[in-house]
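Peer 1: Here it is, the structure, as structure tokens.
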Amino acid sequence: MTKGNINVSVENIFPLIKKFLYSDHEIFLRELISNATDATLKLKHLSNIGEAKIEYGNPQIEIKVDKEGKKLHIIDQGLGMTADEVEKYINQVAFSGAEEFLDQYKDSAKDSGIIGHFGLGFYSAFMVADQVEIITKSFKDEPAAHWTCDGSPEFTLTEADKTDRGTEIILHIAEDSTEFLEDSKISELLLKYNKFMPVPIKFGTKEEALPLPEDAAEDAKPEMITVDNVINNPNPAWTKQPSELEDEDYKSFYRELYPMQFEEPLFNIHLNVDYPFNLTGILYFPKMTNDMSIQKDKIQLYQNQVFVTDNVEGIVPEFLTMLRGVIDSPDIPLNVSRSYLQADGAVKKISSYISRKVADKLKSLFNTNREDFEAKWNDIKIVIEYGMLSDEKFFDKAEAFALYPTVDNTYYTFEELNNRIKANQTDKDDKLVILYASNADEQHSYIQAAKDKGYEVLLLDSPIISHLMQKLETSKENITFTRVDADHIDNLIKKDDTVISKLTEEQKAELDTLLKEVVPADKFTVQIESMDSEAAPFMITQPEFMRRMKEMQQTGGGGMFGMGNMPEMYNLVVNTNSNLIGEILETKTKKKQERLITQSLDLARLSQGLLKGEELTNFIKRSYEMIK
Ligand code: ADP
Ligand code: MG
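Okay, so the sequence shown: first residue is 324 according to this note's numbering, each after it adds one.
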């Protein structure tokens, strides 16, 4: 038997391990299973290249809970270690790894800035165990070894009588960690970290029904057998080539990833790159809602099929964190802080690769089946629009597939829209006016007025659309987005013929005085205009600029300070050429005139959705009186 002291400069590293990694004790299991997996795959490799003359078979990793004995066993059939190797890899290598890790993270480990604690490795076992044993038999023809350590720098190493190849790690679970003796806890951890690891992991057994024979009676019960409960899928879809996978395989993998998600994804993007970095994965576009915050943190990050985190901030471009799926890369530095991660060159490359790949996929979906793409547009636009806002390169690429739907469900690309309206939709400054509505019902009368004149009206209703319009206006030349209710349509769009007013200057002055007496000046700015006699006599509008600034403020426009709480100001556009105005002026009594104006104003407010509460009640009462 060998007794010795682990060569270590910090006398008591174990309490340190416990203290600094307090919040993440559970990762010990991931570390030990990773080691077991490594040992198994190494053996496979040695056997493949003929260096290990062994029967590889179908090795698995087994996890056993011994609740009475307060022990947890992790057993593999990998390459094992000789006594010398235990000395070397456990006492020296593993230990220096742990020490180095602690050195590096003494300060930062606490601020949870670390994702994944790869690197601590084997010694993370001491976070939950007060004694650890290794019983291991190498594939080489040497006796098995038995190492024990009670958490002090002292260890013992003796010969063992284990005859089958592989390693068994026994953790004597500490008093404060007995939760790791619960089957349910271990199950939970295995599913979280090891669900897609490449070697089968067995945890207990389960009952399974044998298939019934063809000639079985109607009421025959299937025979039940006990089988190993393998918790992982060693060959998840993302490790395969896209050519090996059908649409249905992608869908079933989605269900495997999100068992609680009943809605099918809209489409997927298979990532596969091996230069200048290694990365595989599958991203899914789910149906999006307009609430962007609730859909985050659904992408899972793996390193060689070991789960690391579901917070991929900094690795995946911000706008794509709304997607779902898996990213697997051995090249993402895992034990570094987030701020470092964002500055890391490799990570930046990964991020822009993903963004490019998503843009390419969207483009090809658009090109191969435009109809289908249009049908999905409303469920994906939020991601695309967000991407256009936050990522210049994506913005440029999106030119090819970003869509602008009209209120009548025609979907244009920007270029198509441009060509379509070029001829007849410009304003006084010769800027192209892109008319839009944000709500087809609420702005119905304004949409109708614009359509009656033959103009195209878009329906743009994403929560961030005001920011995107702002960006489009600055990046494209000579265009302006204007909501249909920003002004009277004839003021928004330039026409060749000027309309002559039916009223004399005197009558106009009279009308102005009348209106000022009835229309509250703190709410409306009166605008007397000469329009078509057909156009509405009274119309409430809200200038584009003010309204948009307000919207941008509400949806978090950076640098929009100083706008304060802008008051709700509206314009009241009064059409001098309408018959109603003529009638009002001809009406004899002042009281009657005022009544007509009040009623008209209320009708205009009603069509803007501005008439509410007591005012609405009064309006309805008054209207009934009038038709009696
Ligand atoms: P790492 O896995 O990063 O090398 P660890 O501290 O996890 O660091 O493990 C240290 C070393 O101990 C491993 O590199 C390996 O050589 C050896 N080892 C650990 N677990 C096993 C095992 N189950 N079978 C064989 N060797 C192992
Ligand atoms: Mg390890």
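The C-beta atom is built at its ideal place from N, Cα and C for all residues, glycine as well.
#1: Please determine if the region 769-785 and the region 750-761 are in contact, where contact requires at least 3 C-beta pairs separated by less than 8 Å.
#2: If you count every other CB in all the chains shown that lies within 10 Å of the CB of M324, and 16 or more means buried, which is it?
#3: Is there contact between the region 907-918 and the region 847-855, where contact requires at least three CB pairs shorter than 8 Å?
#4: In chain order, what residues have a CB nearer than 7 Å to some heavy atom of ligand 2?
#5: Count Cβ pairs between the region 393-413 and the region 452-459 that sit closer than 8 Å; are there 3 or more?
#6: Taking only three categories from DSSP, how would you classify L402?
#7: Give the range of the alpha helix (DSSP H) segment to which K839 is assigned.
#8: Given F737, which residues of its chain have a CB within under 8 Å of its CB, disregarding the five upstream and five downstream residues?
#9: For L908, which residues from the same chain have a beta carbon less than 7 Å from its beta carbon, with the 5 sequence-adjacent residues on both sides left out?
#10: To the nearest angstrom, how far is the alpha carbon of L366 from that of G444?
#11: Spatial neighbours of Y577 within its chain, please: CB distance less than 6 Å, with the 5 preceding and 5 following residues excluded, ordered by chain position.
#12: Is the beta carbon of L402 within less than 7 Å of some heavy atom of ligand 1?
#13: Thinking just about the alpha-carbon of each residue, which of S923, K460 and L933 is nearest to the one in Q766?
#14: Compute the beta-carbon to beta-carbon distance between R353 and N601, rounded to the nearest angstrom, for a pair I have assumed lies under 8 Å.
#15: What do you reckon, is the C-beta of L639 under 7 Å from a heavy atom of ligand 1?
#16: Taking 8 Å as the cut-off, decide whether the C-beta atoms of F642 and Y573 are in contact.
#17: Under 7 Å: does the beta carbon of D399 sit that close to some heavy atom of ligand 1?
#18: Beta strand (DSSP E) containing Q916: first to last residue?
#19: Less than 7 Å separating the Cβ of T490 from some heavy atom of ligand 4?
#20: In chain order, what residues of the same chain lie with their CB nearer than 6 Å to the CB of L402, ignoring the 5 residues before and after it?
#21: I'd like the ranges of any beta strand (DSSP E) spanning at least 3 consecutive residues and lying wholly in the region 462-528.
#22: Verify whether the separation of the beta carbon atoms of K525 and E715 is less than 8 Å.
#23: Verify the contact flag: I413, CB atom, against every heavy atom of ligand 1, threshold strictly below 7 Å.
#24: Would you identify the three-state DSSP class for A746, choosing helix, strand or coil?
#25: Would you identify the three-state DSSP class for L568, choosing helix, strand or coil?
Peer 2: Checking against the coordinates, here is how it stands:
#1: The region 769-785, when compared against the region 750-761, does touch it at the 8 Å Cβ threshold.
#2: exposed
#3: no
#4: E354, S357, N358, D361, G444 and F445
#5: yes
#6: coil
#7: E828 to V841
#8: E722, A725, Y727, L795 and K799
#9: Hits under 7 Å: Q830, E833 and L834.
#10: 19 Å
#11: P588 and Y607
#12: Yes, Cβ of L402 sits closer than 7 Å to a heavy atom of ligand 1.
#13: Sorting S923, K460 and L933 by C-alpha distance to the C-alpha of Q766 places L933 at the top.
#14: Not confirmed; about 20 Å, so no contact.
#15: Leu is not the amino acid found at residue 639; the sequence shown has Val there. No, ligand 1 has no heavy atom inside 7 Å of this Cβ.
#16: no
#17: yes
#18: Q916 -> not in any beta strand (DSSP E); alpha helix (DSSP H) instead, spanning K913 to S930.
#19: Ligand 4 is not among the ligands present in this structure, which contains only ligand 1 and ligand 2.
#20: The residues are A362, K365, L366 and F462.
#21: 467-472, 477-483 and 489-496
#22: no
#23: yes
#24: coil
#25: coil
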